[in-house]
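Engineer:
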Amino acid sequence: MKLLRIFFYAAAGMLVLNSCKMQDPSWNSDFLVPLAKSKLSIKDLVPDSLVKVSQDSNVHIVYSKELYGLAVDSIFSFSDTGVIRSFNIDSLSLFTTETDFKITLGDIARNAGLAGLLILGQHGKQIPVPAISPISSPVLPFDGDSLFTTMTLNEGNIDVSMYNGLPIEITNVLFDLKNSSDNSLVLQGSFPSIPPGTTMTRTFLLNGKTVEGKLNAQLISLSSPGSNGIPVLIDTNNFIQAGLKVYNLHPITATAVFPAQNLINNGQNFVLKNLPVFLKESKAKSGQILIKMFSTLEDSIYMTYRLPSATLNGVPFEVKKTLPPAPPGGLSSFEKLFDFSGYLLDLSGKNGDTINTAYNEFVVRIEYTGIKKTLSKKDSIYAQLSFLNLKPEYARGYLGNQTYDYGPAEIEIDGLSDINGHLDLANVKLDVEAENFIGADASFEIKEFSSVNSRNNKTVDLTGSYKSGSITVPRANEVTAPELVRPSYTQLNIDQSNSNIKAFVANLPDKIKYSLFLQTNPQGNTSNYRDFVYDGKFLNLRLLVDVPLEFSASGISLMDTIDLDLNYEDVLKVESATLYFLADNSFPMDCELQFYLYDPVLSSMTALLPQNAVIKAGLYDPVLQKVTSATFTKIPVEFTKLKIEQLFNSKKILAKAIFSTAPPNTKVKIFSDAGIDLKITGLFNYLID
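Residue numbers (our numbering): 25 to 713.
(1) Only counting the same chain, and skipping five residues up and downstream in sequence, which positions put a Cβ closer than 7 Å to that of S478?
(2) Within a Cβ cutoff of 8 Å, which residues of the same chain sit near L129, ignoring the five residues on either side of it in sequence?
(3) Check the DSSP bridge columns for T427 and list the partner residues they point to.
(4) Quick check on DSSP: helix, strand or coil for Y553?
(5) Going by DSSP in three states, Q520 sits in which element: helix, strand or coil?
(6) Let me confirm a value: T346 is counted as buried when at least 16 other C-beta atoms fall within 10 Å, else exposed. Which label applies?
(7) Quick check: what's the CA-CA separation for T652 versus A433?
(8) Where S521 and D485 are concerned, what is the direct C-alpha to C-alpha distance, given to the nearest angstrom?
(9) Would you kindly check if the distance between the Cβ of K415 and the Cβ of K307 is under 8 Å?
(10) Determine whether the beta carbon atoms of F556 and G424 lie at a separation below 8 Å.
(11) Let me see if you follow: with CB-CB separation under 8 Å, is I470 close to chain C or not?
(12) Quick check on the burial criterion: 16 or more other C-beta atoms within 10 angstroms. Buried or exposed for E359?
(13) The beta strand (DSSP E) that contains E469, what's its start and end?
(14) Quick one: what does DSSP say A284 is sitting in, helix, strand or coil?
(15) In chain order, what residues of the same chain have a beta carbon less than 8 Å from the beta carbon of Q150, not counting five sequence neighbours either side?
(16) If contact is defined by three or more beta carbon pairs under 8 Å, each pair taking one atom from either stretch, is the region 112-121 in contact with the region 214-227?
(17) Taking Cβ positions, are I92 and L540 nearer each other than 8 Å?
(18) Got a sec? Which residues, its chain only, sit under 6 Å from D455 by beta carbon, not counting five neighbours each side?
(19) So, are the CB atoms of I132 and G250 less than 8 Å apart?
(20) Out of R510, Y422 and A419, point me to the one whose CA is closest to E459's CA.
(21) Per DSSP, N636 forms a beta bridge with which residues?
(22) Going residue by residue through the region 91-158, where are the continuous alpha helix (DSSP H) segments of at least 4 residues, counting only ones entirely within it?
(23) What does DSSP give as the partner residue(s) for L678 in the beta ladder?
(24) Give me whichever residues DSSP pairs with D167 in a beta bridge.
(25) Can you give me the C-alpha to C-alpha distance between N375 and K401, rounded to a whole angstrom?
(26) Taking Cβ positions, are T754 and K640 nearer each other than 8 Å?
(27) K202: buried (16+ other C-beta within 10 angstroms of its C-beta) or exposed?
(28) Could you name the residues of the same chain whose beta carbon sits closer than 6 Å to that of T585, not counting the 5 residues immediately before and after it, in chain order?
(29) Give me the Cα-Cα distance between G550 and A500, rounded to the nearest whole angstrom.
(30) Let me check understanding here. Comparing Cα to Cα, which of K491, E669, N709 and V343 lies closest to P332?
(31) Considering Cα atoms alone, identify which of L171, Q543, N207 and L508 is closest to P283.
(32) Just checking my contact of D377 with Q312 at CB under 8 Å: how many whole Å lie between their CB atoms?
(33) Alpha carbon to alpha carbon, what distance is there between G394 and L211?
(34) Does the separation of the CB atoms of K680 and K61 fall below 8 Å?
(35) For Y490, which of helix, strand or coil comes out of DSSP?
(36) Name the residue from D559, L632, A280 and D465 whose alpha carbon lies nearest to the alpha carbon of D169.
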């Protein structure tokens, strides 16, 4: 409170001077002036934030402090979780190709000696055809080079067909197929008998074979029993037709014109490893998904990556990208970060029957270009999927049977440490409250709790039966928006019946040291993967202290600082002064009152009252246990010229009341209207010129 400045005496003096004809008059005059006022209340003992008034107006010191918060990040993190796969090409396929060759009866006759000459001479006539000894055909070239240059086949088929357009049966047909560059044998086969006018076909496997685009086919041997004496029409233009059809070609490597095709079409589950929880689903609050792709194919590839188990507004996560051809012996690559915020991630696998498992699909395709390229199943495509800095907004599953040892930890205590003196409390209550916003059962134990008063280096351990076992914390319940979660509350109540709580609090700590043990799902997966956790919804352990102000006290002090703003020039005209210190005490306790002139710069204080200036307690009714009326006290103090000068020089006055209950150990209640109303007035004697 500010001291009221005294200016009115000058105005009064001027009034006297103007109304008189006397020259240079002067006289002394006394002025009673209010100087300052203040009120000391319980709020000067502890901060307002710690004061609570009950329905009966009794004052409580109520203290709340966070001890521990179990959040999503404490339970699990997706950060840098991912999967790396190297995909070999599932299959390469090539175009189907086919060709045929004709061998006329004339061609055969010209290679059949005398029997052949007979046949050639009877063209257009009907004669019995004699038996024909084994003959061979010249090499017949097959050119598939427009489609492929060479291919080493993982698998493939070739159909060799033979049509007999001659009027006689042909037998013991032996043929082969060779690569033209080195005459290496691709296949060899035979037909024991082909009746006139019929076609016979044989299928051969090309698995493991290397086949060139240029081949040589040849009838190694062909014979005939003739017409068995029966005349037949001789037409040297009749022919035998051999056909080749190469199909179902899946090369290990090939230099060829490749048709459009999926080289990789892979769908599979991948497991998120190193998670201590067992999740069915999770929604991302923030984070990225990193996709890296590398290809050794010397052809453009069209990549589609799908994560059907991750959806945003019902749309699955999908990335499409074209990678250019890789240089010979090198790599073509792609790398990009995608925002994964808001995606709902199904972690139950493709069939919904597992945990921590996402289903993804990977398709790599080439398109038809008409250009020969060299591709190999040894070529590979390397893919990496990683979740980076992924923060879950929500998760469901089994959060695991996890344990958390927390501490030793320390919290600062405000308010109680500001109390000087000794308190003997009538009733103290301390609770450790568990507020559980997590959809999982839990339990906690207090392993250590100590009250520390650093000013006197005194520590009081909280002991008692309250530590007899763990406290069960039921799971929270899910509700509709906007709350989403209805928490459960559990309290460990600590009072005089199960602890030394009075001594713990009476130590007036400025710190509390503690350690805790917390366990999730102590009974295991009782929810059958229905645990849940939301971002920002914690399992909180909180310290709650309730101290009703009913106590006996010794040396407890209240203080208040009063600002002064006095005109120093006024002090020159003050001859003498008497200050009156007035107090109305509605506390149920006597107090020693003192005022100090306070210089904050020099940290010096000058007492204004004599020692042992006692302010009597208010009138206390022991039946009602409250003060029914305040007690008034007036203390006059004569001020010397020096002390007056100190007063006018000062900027602050410090009021201090030191309380003690009487008789000792008598416990009294403090109510919200309790306080000491303080006033300072001054009777100043001025010299009026």
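We put the CB at the ideal spot given by N, CA and C, even for glycine.
Structural biologist: For this structure:
(1) D534 and K535
(2) I143, L190, I258, D259, T260, N261, N262 and F263
(3) Q543
(4) coil
(5) coil
(6) exposed
(7) 46 Å
(8) 16 Å
(9) no
(10) no
(11) Annotation note: the requested chain C is absent from the structure, which comprises a single protein chain.
(12) exposed
(13) A466 to N477
(14) coil
(15) P255, V256, L257 and I258
(16) no
(17) The residue asked about is misnamed: residue 92 is Tyr in this sequence, not Ile. Cβ atoms of Y92 and L540: closer than 8 Å.
(18) Q515, N517 and L568
(19) no
(20) R510
(21) Answer is none; N636 lacks a bridge partner.
(22) 96-99, 129-133 and 137-145
(23) T585 and Y620
(24) K238
(25) 30 Å
(26) This structure does not reach residue 754, given that the chain is present from 25 up to 713, and the question cannot be answered.
(27) buried
(28) K676 and L678
(29) The displayed chain sequence assigns Thr, not Gly, to residue 550. So the alpha carbons of these two residues sit roughly 14 Å apart.
(30) V343
(31) L171
(32) Incorrect: roughly 29 Å between the Cβ atoms, too far for contact.
(33) 29 Å
(34) no
(35) helix
(36) A280
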